[in-house]
Amino acid sequence: MAAIFWIFLRLGCTSFGGPVAHLGYFEREFVEKRRWITAGEYAELIALCHFLPGPASSQVGMALGYRQQGILGSLAAFAGFTLPSALIMMLCASLLLTEPSEWLLGLFHGLKLLAVVVVTDAVVNMSKSVASTRFRRVFLLGSFILMLLLSSALSQLAGLCIAGFIGYLFLASEPVRAWSIRHSSSVSQEQPSVFKSRHVWLLYVLLTGIVIFPLISYGLPQLAWMESFFRVGATVMGGGHVVLPMLSAESSIAGVIEPSIFLAGYSLAQAVPGPMFTFASYLGVMVGGSIWAGVVATLLIFMPGWIILLLVLPVWQKVRSSVILNAAVAGIQVGVVGLLMATLYKFVWAGAISGFVDMAIVLTLWFIIVVFKWPIWIGVIAAALFGLAAVLCV
4 MAAIFWIFLR
14 LGCTSFGGPV
24 AHLGYFEREF
34 VEKRRWITAG
44 EYAELIALCH
54 FLPGPASSQV
64 GMALGYRQQG
74 ILGSLAAFAG
84 FTLPSALIMM
94 LCASLLLTEP
104 SEWLLGLFHG
114 LKLLAVVVVT
124 DAVVNMSKSV
134 ASTRFRRVFL
144 LGSFILMLLL
154 SSALSQLAGL
164 CIAGFIGYLF
174 LASEPVRAWS
184 IRHSSSVSQE
194 QPSVFKSRHV
204 WLLYVLLTGI
214 VIFPLISYGL
224 PQLAWMESFF
234 RVGATVMGGG
244 HVVLPMLSAE
254 SSIAGVIEPS
264 IFLAGYSLAQ
274 AVPGPMFTFA
284 SYLGVMVGGS
294 IWAGVVATLL
304 IFMPGWIILL
314 LVLPVWQKVR
324 SSVILNAAVA
334 GIQVGVVGLL
344 MATLYKFVWA
354 GAISGFVDMA
364 IVLTLWFIIV
374 VFKWPIWIGV
384 IAAALFGLAA
394 VLCV
């Protein structure tokens, strides 16, 4: 188990570039180098983790650890891969809890503007992916308009359920999308025995959380953020970028943090290696006022995805063959992009850009990251310097 932890710790320190890049790092490490898993089995794991709510790349890592050492292996993989970015995010949040200096505010102002570029680019790319037909484009537009009208977290969740129902009604006749792999591979014939064990007790843990955290939120409003992180972790679909709109709708989190500080943390999560879900580590410190709150927030947002992964692994072959379920998930994915578009319009642009200088910085960062396709760390450095100059020169 220690070996699994150290392998994933190294990956957690070096895996820059977001979820898609993480999957590439994992393939080189575990398929090509260590041969823990075949290419076909790895493709199945990716398909599964994109199908489930939660952080897809982290769930792939958890599944790889699970194959080696069961539940303890999955926890070791999670801890190693998450620890570096979580520590960085919590440290940066702790600096902001003290009286921040003017230069620090300038740096975070630049990161806030970088968030505009990152989210806009994500919206463009995800829109191309989910809106491949005329009906899907109309569906996406309708989802965007609906999400503009919805403000609370529960209403957004209801909107995603509606999108899933529309997918069930109208998308079942479409060909299976690339992430729902239906080829016959070795994983379907010779699945490891560890995947066949059913950890039913995890279902009770998940159900207990679903019951307990709303009660805590009701009885202790100052701890309502705990229920928010747990619920977002259990319902978020579509990758790390979707964490932003889900968390920005939580009054117990975004409602007590300045929008500029919130967006700066999101940009910081893009810059550090490891999973983007450690945005919760940053927010936990800001909301709870301590490093321990950041640790709790991190565990709560990752826990549901880990539990759901281990519950679904034994029945994945049946789940992936369901045309109806695949259609519903496809509809939810369209709704997720509509939600991200609405958040970009209502929250990101409105909370970040306040004048001509900010717009000029955003356009410059767009050319650096999207047009010239330079590495994200160059964009982070440029954004920090631009933000520092904008604040100090005013």
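Numbering (the numbering used here), first residue to last: 4 to 397. The C-beta atom is built at its ideal place from N, Cα and C for all residues, glycine as well. Note that this is a predicted model, so its numbers are computed, not measured.
Hey, out of the options, whose CA is closest to residue i's CA?
| i | options | result |
| --- | --- | --- |
| residue 253 | 230, 274, 268 | 230 |
| residue 26 | 270, 333, 131, 64 | 64 |
| residue 261 | 318, 70, 156, 115 | 115 |
| residue 324 | 21, 47, 71 | 47 |
| residue 287 | 279, 298, 278, 280 | 298 |
| residue 156 | 293, 340, 239, 224 | 239 |
| residue 15 | 296, 60, 41 | 60 |
| residue 342 | 151, 265, 101 | 151 |
| residue 268 | 124, 119, 13, 55 | 119 |
| residue 98 | 285, 74, 370, 7 | 285 |
| residue 371 | 66, 124, 70, 148 | 124 |
| residue 245 | 6, 17, 217, 22 | 22 |
| residue 278 | 62, 7, 5, 144 | 62 |
| residue 33 | 222, 153, 10 | 10 |
| residue 100 | 362, 360, 294, 322 | 294 |
| residue 227 | 166, 373, 296 | 296 |
| residue 144 | 391, 344, 352, 386 | 344 |
| residue 336 | 4, 169, 111, 41 | 169 |
| residue 18 | 154, 255, 38, 380 | 380 |
| residue 133 | 174, 107, 112 | 174 |
| residue 311 | 129, 209, 333, 321 | 209 |
| residue 364 | 374, 111, 378, 390 | 390 |
| residue 213 | 127, 255, 306, 265 | 306 |
| residue 225 | 50, 140, 256 | 256 |
| residue 233 | 12, 223, 216, 241 | 216 |
| residue 52 | 315, 94, 281 | 315 |
| residue 202 | 369, 317, 44 | 317 |
| residue 334 | 167, 313, 96, 249 | 167 |
| residue 177 | 29, 329, 147 | 329 |
| residue 357 | 340, 281, 149, 112 | 112 |
If I'm right that residue i touches residue j with Cβ under 8 Å, what's the distance once you round it to whole angstroms?
| i | j | result |
| --- | --- | --- |
| residue 247 | residue 346 | 6 Å |
| residue 283 | residue 304 | 4 Å |
| residue 355 | residue 361 | 7 Å |
| residue 109 | residue 393 | 7 Å |
| residue 243 | residue 308 | The Cβ separation is near 12 Å, so there is no contact. |
| residue 272 | residue 92 | 7 Å |
| residue 105 | residue 395 | 7 Å |
| residue 7 | residue 76 | 5 Å |
| residue 338 | residue 163 | 5 Å |
| residue 54 | residue 332 | 6 Å |
| residue 289 | residue 264 | 7 Å |
| residue 351 | residue 127 | About 14 Å; that fails the 8 Å criterion. |
| residue 70 | residue 40 | 7 Å |
Can you tell me whether DSSP reads residue i as helix, strand or coil?
| i | result |
| --- | --- |
| residue 8 | helix |
| residue 175 | coil |
| residue 375 | coil |
| residue 19 | coil |
| residue 164 | helix |
| residue 223 | coil |
| residue 390 | helix |
| residue 195 | Note that residue 195 has pLDDT 42, beneath the 50 cutoff, so the model's placement of it is unreliable and the number below is only indicative. The answer is coil: DSSP assigns residue 195 none of H, G, I, E or B. |
| residue 215 | helix |
| residue 356 | coil |
| residue 452 | There is simply no residue 452 to check, as the chain begins at 4 and stops at 397 in what is shown. |
| residue 232 | helix |
| residue 396 | coil |
| residue 382 | helix |
| residue 209 | helix |
| residue 323 | helix |
Taking 8 Å as the CB-CB limit, is residue i close to chain B?
| i | result |
| --- | --- |
| residue 125 | Given the protein chain composition of this structure (a single chain), no chain B is represented. |
Can you list, in chain order, the stretches of the alpha helix (DSSP H) that have 4 or more residues and sit fully within the region 93–161? 105–133, 137–152
Mind listing, in chain order, the continuous alpha helix (DSSP H) runs of no fewer than 4 residues lying wholly within the region 234–317? 246–251, 262–274, 282–291, 294–315
Runs of alpha helix (DSSP H) wholly within the region 29–98 (minimum 4 residues, chain order): 42–54
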